[in-house]
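Contents: one structure, followed by commentary.
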Amino acid sequence: MGTLLQQIANGIVLGATIGLIALGYTMVYGIIQLINFAHGEVFMVGAFGGLAVYRWMLPQSWQEQWYIALPLMLLGGVVVAVVIAVIMERFAYRPLRNAPRLAPLITALGVSVALQEAIRIWYPDADAAQPFPRVFVDEQIKIGPVEISASGLLLIVVSIGLSILLQAYVSRSRMGRAMRATSQDRDTARLMGVNPDRVIVMTFILGAALAGVGGVLYGSWITNVDNSIGFQNGIFAFTAAVLGGIGSLRGAVIGAFIIGLIKNLGGQYLPGGTQYDYVWIFVVLILVLVFRPQGLFGEAERVRA
Amino acid sequence: MSRLTGFLPTALARPFAVIGGVLLLIAAMLPWATFLLNDGAYPDKATLQFFDAPLELTGYRWNVLLFGAAAIIATFAPTPGKARVLRALGWGGLAISAITSIFIAGKGGGLGAITAVDGNYAFGGIVGVIGGIVLILAAGAMPLPDIPHWSTKVFGLEGWAGRIAAWVALLIAFAAVLYLVQLTLTVGGIGGAAFPYAGPVFLAFLGFAGGLLGALHGMGITGWVSRLSEENRAFSIVVLLLCAFALPFTEAGSQYWMQVAATIGVYAATAIGLNIVVGLAGLLDLGYVAFLGIGAFVAANLSGAAASTVGWNIPFPLAALLSAVIAGIFGAIVGSPTLRVRGDYLAIVTLAFGEIFYRTAQNDIGTLTGGASAIPGIPPITMFGTAFNEPITLFGTELPTGVLYYFLIVLVVAAVMAVFANLKNSRIGRAWIAIREDEDAARAMGIATGKAKILAFMCGATLAGLAGAIFVHKLGTASYDSFKFLESVTLLAAVILGGMGTIPGAVLGASLLFVLPEKLREFEDYRLLVFGLALIFIMRFRPQGLVPDRVRRAEFAGETAEGKSIEEIQEKAVLEQELELEREHEAPSAPKEAGR
Chain A
316 MGTLLQQIAN
326 GIVLGATIGL
336 IALGYTMVYG
346 IIQLINFAHG
356 EVFMVGAFGG
366 LAVYRWMLPQ
376 SWQEQWYIAL
386 PLMLLGGVVV
396 AVVIAVIMER
406 FAYRPLRNAP
416 RLAPLITALG
426 VSVALQEAIR
436 IWYPDADAAQ
446 PFPRVFVDEQ
456 IKIGPVEISA
466 SGLLLIVVSI
476 GLSILLQAYV
486 SRSRMGRAMR
496 ATSQDRDTAR
506 LMGVNPDRVI
516 VMTFILGAAL
526 AGVGGVLYGS
536 WITNVDNSIG
546 FQNGIFAFTA
556 AVLGGIGSLR
566 GAVIGAFIIG
576 LIKNLGGQYL
586 PGGTQYDYVW
596 IFVVLILVLV
606 FRPQGLFGEA
616 ERVRA
Chain B
40 MSRLTGFLPT
50 ALARPFAVIG
60 GVLLLIAAML
70 PWATFLLNDG
80 AYPDKATLQF
90 FDAPLELTGY
100 RWNVLLFGAA
110 AIIATFAPTP
120 GKARVLRALG
130 WGGLAISAIT
140 SIFIAGKGGG
150 LGAITAVDGN
160 YAFGGIVGVI
170 GGIVLILAAG
180 AMPLPDIPHW
190 STKVFGLEGW
200 AGRIAAWVAL
210 LIAFAAVLYL
220 VQLTLTVGGI
230 GGAAFPYAGP
240 VFLAFLGFAG
250 GLLGALHGMG
260 ITGWVSRLSE
270 ENRAFSIVVL
280 LLCAFALPFT
290 EAGSQYWMQV
300 AATIGVYAAT
310 AIGLNIVVGL
320 AGLLDLGYVA
330 FLGIGAFVAA
340 NLSGAAASTV
350 GWNIPFPLAA
360 LLSAVIAGIF
370 GAIVGSPTLR
380 VRGDYLAIVT
390 LAFGEIFYRT
400 AQNDIGTLTG
410 GASAIPGIPP
420 ITMFGTAFNE
430 PITLFGTELP
440 TGVLYYFLIV
450 LVVAAVMAVF
460 ANLKNSRIGR
470 AWIAIREDED
480 AARAMGIATG
490 KAKILAFMCG
500 ATLAGLAGAI
510 FVHKLGTASY
520 DSFKFLESVT
530 LLAAVILGGM
540 GTIPGAVLGA
550 SLLFVLPEKL
560 REFEDYRLLV
570 FGLALIFIMR
580 FRPQGLVPDR
590 VRRAEFAGET
600 AEGKSIEEIQ
610 EKAVLEQELE
620 LEREHEAPSA
630 PKEAGR
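Protein sequence lines, in the order shown, are assigned to chains A and B. FYI, the numbering used here numbers position 218 of the first sequence as 533, with every residue one higher than the one before it. FYI, the numbering used here numbers position 383 of the second sequence as 422, with every residue one higher than the one before it.
Next up, the structure:
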């Protein structure tokens, strides 16, 4: 029983991470029907951005005060992630807006490979895994039989909080309305006075900001990062977005928690152990895509793949 | 390119073309580096005051000289497709000069190396770059001619005489291709410490080859050759095969290059298989390398290797067949979701299958894959009492180790090409193309789309499985690490770079993607980065690939099947319509009367 609860707790922390990435995937797909393969890399770059702030910008005395260090690192991660995402949208995806659908997908693969390699080559020492400081309170919190690190708890709280904020933004604000309009029918939205380019950039910015926050928090939870965390977690996040119904924000977050649980519980209880936990996630991905491509919460007609 | 058009007034086109050509000539005569580089003299004596290099065809100064002279001749002589030729020469000259200058400046520690230092002057590179740009501008100012269409009746000869003339022309063309391939392989030597300049020399040579082929294309010669070879198909196939078999007898016939060529062959065969799925049927497969892997592991288990679990020792042809069949079965399984899933969702499903294969192979599923310790010690293929990794003597020439694999792979690639070409022109091939263009319409026309799609996956996987069987014998080890996601992306990139749906495209793409890293050892660290950026740039600027399929080109570049821009044609149609209206306006009753 203790193990089960512990694995559930670990799964929820991982789910919170994946959720922050999956939101970006689902928003971008909802608006321009692009599987932004490079979104996982934005998460990775965000983690390295936060690490850069900690290493080279914060004086020693500030590094130890988490209430100063953490916000600044988050800011650094978010800024780097957003800048990368905007450049990516402007120079790689926008010129291909009317190209056949294969083209942007392949471009996204290219962006993903290029970003991973750029970090490996030019980020100091990043050819091996880098230790990430545990900036937040370094403590294990015990809840009954379950032990969870303070950073993990923070990740859960922030992830859920930001998802609710995002949901409110998209459903209440003017820009959010424009986003929903653009995702339903870009041409009509344009006729109604919405500037689709601005909406799309805004979507990328929001997604990247969430991924940046996720990257920094994930780093401080897992305590080491390398240039492949983006690809792995990106695939998980994509699976989560599909599971929840791509285009649906609520679905992405719930899907993320389900994926997190599958990975940890599958690694614990299914044959093959942790070596095969990835395999279960891919199996789920295939099953969902084949048998319920609209996902758990997606609207059937939205799926035009 | 269109932005360069009209940058200069048309009247200045000719003088500028001459100036560009002369600048290239001068560049070739000037020194290119102010001092000796640390790693020894740059090939062709970049520091010499005057051009005294031997007439080595791969020397970059000789190339620049050739381009300059050709540009001047093309300007004055009645050249077919003049603007296209000048443009190609300009880009070629620019590429050679820029690559060489950047390298010399980088190695020599800055701009001083290619300008002036200590009373030494070396403006060759900069003059070359300017010459190239001037030529491109001049070509942009000229009206862009259609590519000339030469008659395939050589010298207007008919009957047997005509056929023999065509054969001679084809022989010359294919010999030139063989020579170019051999040069491309050997130029600059193997990358690494022994040949510190292999990278830039090779890239500059690629610039030369590109410029040359571009100019020939602009003159309509490459198109003419390809039409000639289509008309004399059997003859061309035999000659091309002979050319491929002749490669080991040229300078490229060293052990090293034979091994590289054999590896390229494996990937080319796999890429052609992938081309069926992606290029013909339009189904994006992101886990394709798994089939290569399945073929490889099956063959490894049937090779009698001590480390394999099954450990049967089956004659290679049978083992290869089994590998292909089993890979094909898996292809059908992976393809089955296509019945329900389309587009990028399908791409993700294939990616998931690929990752599942990778993870299970990594964890040594059923002790069939060896896991992290791989399956080492796979014996070489043995047929007719000869092990394939031994050197042989043919026609009095000692051929190096690995040449037998090369021969085998040439045969396999040829067979795979034949399969592909026949499939493409068959009923099922047309069905695939129809599905690629519009699945619903294809279904409405009575094509069993589900069956056709699964068949596409099966065919592709079978070819990959066959390639995998050779791959694993040649390599000697079967490791899961050879089949990771990036390999799938690389194969996909080979298909896209070369041109989707065409055979030469897949072969060219695979060759480029696997020769370049061999040549650019120095920059090995940047290989994947460049590769990722290349994917982005190809999709942005040339999504139809280097050797585009006619229909594909129409799709991606907004052109008609004849290669003309749709926009231009529309403009022309509108103009004609306006003229028509004007004419009608002037003489409204004239045509009616004529009709009576």
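By construction, the Cβ of each residue, glycine as well, lies at the ideal position given by its N, Cα and C atoms. A quick note: this is a predicted structure, and the numbers were derived from the prediction, not measured.
Residues of chain B with a CB under 9 Å from the CB of G425 of chain A: which are they?
-> Within the first sequence, numbered from 1, the residue matching residue 425 of chain A stands at position 110. By Cβ distance, chain B contributes V528, A532, F570, G571, L572, A573, L574, I575, F576, I577, M578.
Taking the continuous alpha helix (DSSP H) assigned at K463 of chain B, which residues delimit it?
-> Start at 1 with the first residue of the second sequence, and residue 463 of chain B comes out as number 424. That run of the alpha helix (DSSP H) goes 442–463.
Figure out for me which residue from A:Y344, A:F606, A:F363 has the closest Cα to the Cα of A441 of chain A.
-> Position 126 of the first sequence, counted from the first residue, corresponds to residue 441 of chain A. Residue A:F363 is the option with its Cα nearest to A441 of chain A.
Any chance the region 524–542 of chain A sits against the region 441–460 of chain A, with 3 or more Cβ pairs inside 8 Å?
-> yes
Using a Cβ-Cβ cut-off of 8 Å, state whether Q378 of chain A counts as contacting chain B.
-> As a working note, residue 378 of chain A is residue 63 in the first sequence. Q378 of chain A does not count as touching chain B.
Chain A contact residues for P376 of chain B, given Cβ-Cβ distances below 9 Å = On the second sequence, position 337 is the one that residue 376 of chain B refers to. Within 9 Å Cβ-Cβ: I601, L604, V605.
Check the Cβ-Cβ distances between L335 of chain A and every residue of chain B, and say whether any is below 8 Å.
-> Here residue 335 of chain A is taken as the residue at index 20 of the first sequence, counted from 1. False, the Cβ-Cβ gap to chain B never drops below 8 Å.
Of all Cβ atoms in chain A, is any one closer than 8 Å to the Cβ of V388 of chain B?
-> As a position in the second sequence, residue 388 of chain B is number 349, starting the count at 1. With 8 Å as the cut-off, V388 of chain B counts as an interface residue toward chain A.
Look at the alpha carbon of A363 of chain B and the alpha carbon of V605 of chain A, and state the distance between them as a whole number of angstroms.
-> Numbered from its first residue, the second sequence carries residue 363 of chain B at position 324. Numbered from its first residue, the first sequence carries residue 605 of chain A at position 290. Each residue's Cα considered, the two are about 26 Å apart.
Hey, out of A:L468, A:G562, A:I421, whose CA is closest to Q482 of chain A's CA?
-> Position 167 of the first sequence, counted from the first residue, corresponds to residue 482 of chain A. Comparing Cα-Cα distances from Q482 of chain A to each of A:L468, A:G562, A:I421, the minimum goes to A:G562.
Is it buried or exposed for M403 of chain A, if we count other Cβ within 10 angstroms and need 16 for buried?
-> Reading the first sequence from its first residue, position 88 is the one you call residue 403 of chain A. Of the residues assessed, M403 of chain A falls on the buried side of the cut-off, its CB having 16 or more other CB atoms within 10 angstroms.
Could you tell me which of B:I372, B:L502, B:I417, B:I509 sits nearest to K490 of chain B, measuring between CA atoms?
-> Locating residue 490 of chain B in the second sequence gives position 451, where the first residue counts as 1. It is B:I372 whose Cα lies nearest to the Cα of K490 of chain B.
Looking at the structure shown, is K457 of chain A part of a helix, part of a strand, or coil, going by DSSP?
-> Within the first sequence, the letter at position 142 stands for residue 457 of chain A. Correct three-state label for K457 of chain A: strand.
Drop a sphere of 10 angstroms on the beta-carbon of E706 of chain B, count the other beta-carbons inside from all chains shown, and report buried for 16 or more, exposed for fewer.
-> The question about residue 706 of chain B has no answer here: the residues shown for chain B are numbered 40 through 635.
N102 of chain B by DSSP, collapsed to three states: which one?
-> Here residue 102 of chain B refers to the residue found at position 63 when the second sequence is read from its first residue. Helix at N102 of chain B.
Would you mind reading off the limits of the alpha helix (DSSP H) that contains R513 of chain A?
-> Counted from its first residue, the first sequence places residue 513 of chain A at position 198. Start and end: 511–537.
Whole-angstrom distance between L69 of chain B and F89 of chain B, CA atom to CA atom = Within the second sequence, residue 89 of chain B is the residue found at index 50, counting from 1. Within the second sequence, residue 69 of chain B is the residue found at index 30, counting from 1. Bear in mind that the predicted position of F89 of chain B carries a pLDDT of just 40, short of 50, making it too unreliable to give a figure here.
Helix or strand or just coil, what does DSSP make of I463 of chain A?
-> Within the first sequence, residue 463 of chain A is the residue found at index 148, counting from 1. Residue state, collapsed to three classes: strand.
Could you check the C-alpha separation between V452 of chain A and N351 of chain A for me, to the nearest Å?
-> Working through the first sequence from its first residue, we reach residue 452 of chain A at position 137. Working through the first sequence from its first residue, we reach residue 351 of chain A at position 36. Roughly 34 Å separates the two Cα atoms.
Quick one: grab the DSSP three-state call for V168 of chain B.
-> In the second sequence, the residue the question calls residue 168 of chain B occupies position 129. DSSP places V168 of chain B within a helical segment (H, G or I) once states are collapsed to three.
Between I574 of chain A and A526 of chain A, what straight-line distance do the alpha-carbon atoms span, to the nearest angstrom?
-> Counting from 1 along the first sequence, the entry for residue 574 of chain A is found at position 259. Counting from 1 along the first sequence, the entry for residue 526 of chain A is found at position 211. If you take the alpha carbons of I574 of chain A and A526 of chain A, they lie about 17 Å apart.
For Y438 of chain A, the nearest candidate out of A:G588, A:G365, A:S478 (CA to CA) = Mapped onto the first sequence, residue 438 of chain A falls at position 123. Of the candidates A:G588, A:G365, A:S478, the one whose C-alpha sits nearest the C-alpha of Y438 of chain A is A:G365.
Can you give me the start and stop residues for the alpha helix (DSSP H) that I323 of chain A sits inside?
-> Numbered from its first residue, the first sequence carries residue 323 of chain A at position 8. Per DSSP, I323 of chain A belongs to the alpha helix (DSSP H) from 317–347.
Can we say the region 460–472 of chain B touches the region 292–304 of chain B, given the rule of at least three CB pairs closer than 8 Å?
-> Because the criterion of three Cβ pairs below 8 Å is not met, the region 460–472 of chain B and the region 292–304 of chain B do not touch.
Which residues in chain B sit within 7 Å of V594 of chain A, going by Cβ to Cβ distance?
-> Position 279 of the first sequence, counted from the first residue, corresponds to residue 594 of chain A. Those within 7 Å of V594 of chain A in chain B are I395, R398, T399.
Looking at the structure shown, is V540 of chain A part of a helix, part of a strand, or coil, going by DSSP?
-> Walking along the first sequence from the start, residue 540 of chain A turns up at place 225. Correct three-state label for V540 of chain A: strand.
Apart from the five residues on each side of it in sequence, which residues of its chain come closer than 8 Å, Cβ to Cβ, to E632 of chain B?
-> Counting from one through the second sequence, the residue named residue 632 of chain B turns up at place 593. Because the pLDDT at E632 of chain B is just 43, under 50, the model does not fix this residue reliably, and the value given afterwards should be weighed accordingly. Contacts found: none.
Would you decide whether N548 of chain A is buried or exposed? Buried here means 16 or more other CB atoms lie within 10 Å of its CB.
-> For the purposes of this step, residue 548 of chain A is taken as the residue at position 233 of the first sequence. Flag for N548 of chain A reads buried.
Within 8 Å (strictly less), CB to CB, does G479 of chain A reach chain B?
-> Position 164 of the first sequence, counted from the first residue, corresponds to residue 479 of chain A. Just to set this straight, residue 479 of chain A is Ile in the shown sequence, not Gly. Taking Cβ atoms only, chain B never reaches closer than 8 Å to I479 of chain A, which makes this a no.
With burial defined as no fewer than 16 other Cβ atoms inside 10 Å of the residue's Cβ, what is the status of P587 of chain B: buried or exposed?
-> The count along the second sequence starts at 1 and reaches residue 587 of chain B at position 548. Buried, because 16 or more other Cβ atoms sit within 10 Å of the Cβ of P587 of chain B.
Taking the alpha carbon of P187 of chain B as the point to measure from, which residue in B:G120, B:G515, B:G409, B:Y519 has its own alpha carbon closest?
-> As a working note, residue 187 of chain B is residue 148 in the second sequence. If we check each option's Cα against that of P187 of chain B, B:G120 comes out closest.
So is E454 of chain A in contact with chain B if we call contact Cβ pairs under 8 Å?
-> As a position in the first sequence, residue 454 of chain A is number 139, starting the count at 1. No, because no Cβ of chain B sits closer than 8 Å to the Cβ of E454 of chain A.
Beta-carbon proximity check, L390 of chain B vs A433 of chain A, cutoff 8 Å | Numbered from its first residue, the second sequence carries residue 390 of chain B at position 351. Numbered from its first residue, the first sequence carries residue 433 of chain A at position 118. Contact: no.
Go to K523 of chain B, then tell me how far its alpha helix (DSSP H) extends in each direction, as first and last residue.
-> Walking along the second sequence from the start, residue 523 of chain B turns up at place 484. Run containing K523 of chain B: none; DSSP gives neither H nor E here.
By the criterion of Cβ-Cβ separation under 7 Å, what are the contact partners of I535 of chain B in chain A?
-> The residue you call residue 535 of chain B lines up with position 496 of the second sequence. I421, listed in chain order.
Within 10 angstroms of the Cβ of K457 of chain A, are there 16 or more other Cβ atoms? Answer buried if so, exposed if not.
-> Along the first sequence, read from residue 1 onward, the residue named residue 457 of chain A stands at position 142. When all chains shown are included, K457 of chain A counts as exposed.
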